[in-house]
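Written out below as structure tokens is the structure these notes cover.
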Amino acid sequence: LSGARGRLASALRGTRAPPSAVARRCLHASGSRPLADRSKKTQEPPRAFDPALLEFLVCPLSKKPLRYEASTNELINEELRIPYPIIDGIPNIIILEVEQR
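Per this note's numbering, the sequence shown runs over residues 37 to 137.
Structure representation (structure tokens):
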């Protein structure tokens with residue numbers, strides 16, 4: 037277990053996402069950044085999913101491994117044919133979110 041935990045921690049360390057748009061708005065609203073930074077509107081490229089995380093991710097329904105589909109940026113449960121979207125490099129594997137699609 038400690039080996040898997042170490043590999044997960046290592047994989048996650050390399051995939052730190054920059055602050056999301058919501059986090060940036062909260063930072064701006066709280067005044068924690070200088071006024072000059074507030075006027076800058078930079079478009080950051082979407083964060084890529086790290087396939088090394090597939091070793092640790094399973095479908096929350098079937099507990100089976102997921103397949104990464106780069107063309108649609110989704111994790112796919114082959115057996116149940118459920119796609120889980122990846123948003124800003126973060127897999128959304130919350131069951132309620134998927135059921136509403």
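The beta carbon of each residue, even a glycine, is placed where N, CA and C say it ideally should be.
Check                                                                                                                               : Outcome
Exposed or buried, L89, counting other C-beta atoms within 10 Å across all chains shown (16 or more means buried)?                  : buried
Taking C-alpha atoms, which residue in S107, G39, E105 and I112 lies nearest to V94?                                                : I112
Within 10 angstroms of its Cβ, does I130 collect 16 or more other Cβ (buried), or is it exposed?                                    : exposed
To the nearest angstrom, how far is it from the Cα of L116 to the Cα of L132?                                                       : 15 Å
From the DSSP output, in three-state form, read off E105 for me.                                                                    : strand
Tell me which same chain residues have a C-beta within less than 6 Å of the C-beta of P121, skipping the five on either side of it? : E110 and N128
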